[in-house]
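Going by the working numbering, the first residue of the sequence shown is number 914, and it counts up by one from there.
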Amino acid sequence: MISYEREGDHGAIVLSRPPVNAMGADFVETFHAALDRAEADGPRAALVIRSTQRCFCAGADLAMISALFDAPDGPLRMHDYVAGLHALFDRLEAFPAVTVAAINGAAMGGGLELALACDLRVVAEEARIGLPEADVGMIPGAGGTQRLTRLCGEGTAKRLILAAELVGGVEAKALGIAQYCVPAAGIYDASRALAARISGLSAGALRASKSCIAAALDPAADGFARELAVPLDLMRTEEARARVNAFFARRAQSAKAHS
């Protein structure tokens, strides 16, 4: 089960498929439905992806994968399944809100690829993460080879993919896979606090910043031109004007208090 919930000033997509949130045949459809509900809930600056299980997400349903190996049309069905994951993770990566993956436990294979499609990752110290697909004769084909390399560089990507090495939360942060690392008992508080901080920022500025960062990662895009154009659009919004006025009002009040 994958559901959307409103949690104060931000939204949350909750993974709850015991025991390990395996990504079965219906995963793509139900996750898209949760994103649809998040969009329908109105513009929110932050969206947390979290789990109710002991792990974050163990990746593809191995029973389903085994059945595909035995089916005459298995390779074609596998292609369709992975293509669906690509489309889903691309949508998540481009989602208007800032997305935060709360990795409370194991994030393996497709589970880590899901987290890599988010903007920010908060990982539990006790978590184990990796892309061990080579151990079962496959590759991390739902964006793992691309997003991990783009995020952490060739060396780290080769370490996790070619050596099928698993790393803990502390090392994941040191490698740049996660941006925050906390004890497992505090991961939901930490992710909610981060979402609350993000929700206090300008949603329009965050969306524009996301598009500029994405352009920097796209060799076909001119990120500098986008950076030049975006402020013109933002300056025409009432929100930006109000925030600038509020900033100068606070600064004037602070200067007066210290004079």
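Think of the CB as a built atom: it goes at the ideal place given N, C-alpha and C, for glycine as much as any other residue.
The structure displayed is predicted, hence computed values, not measured ones.
DSSP, read as helix, strand or coil, puts Val941 in helix. In the displayed model, Leu1088 falls within coil according to three-state DSSP, outside both helix and strand. A direct Cα-to-Cα measurement between Glu1038 and Leu1073 gives close to 18 Å. The residues His923, Ala958, Ala959, Val1011, Val1013, Leu1119, in chain order, have a CB closer than 8 Å to that of Ile1111 in the same chain once the five nearest residues on each side in sequence are set aside.
With respect to the 8 Å criterion, Arg1041 and Leu1079 are classified as neighbours on the basis of their beta carbons. Judged by DSSP in its simplified three-state form, Ser964 adopts strand. From the listed residues Leu998, Ala1076, Gly1057, Phe1161, the smallest Cα separation to His945 is found for Leu998.
In the three-state DSSP reduction, Gly1056 falls in the coil class, being neither helix nor strand. By the C-beta criterion, the stretch 972–989 is judged not to be in contact with the stretch 1000–1009, since fewer than 3 inter-stretch pairs fall below 8 Å.
Minimum Cα-Cα distance from Ile926 among the listed residues Gly1056, Arg1105, Leu1044, Met1021 corresponds to Arg1105. For Gly1018, there is no enclosing beta strand (DSSP E), as DSSP marks it with neither H nor E. Glu942 has its alpha-carbon roughly 12 Å from the corresponding atom of Ala996. In the structure shown, the three-state DSSP call for Ala1040 is coil. At the C-beta level, Ala1055 and Gly1023 come within 8 Å of one another. By the Cβ test, the stretch 961–975 is in contact with the stretch 930–940, since at least three Cβ pairs between them sit closer than 8 Å. Here His992 has no same chain residue with a Cβ atom under 7 Å from its own Cβ, once five neighbours each way along the sequence are excluded. Within its own chain, the residues whose Cβ lies closer than 6 Å to the Cβ of Pro1009, once the five positions on either side in sequence are excluded, are Arg1120, listed in chain order.
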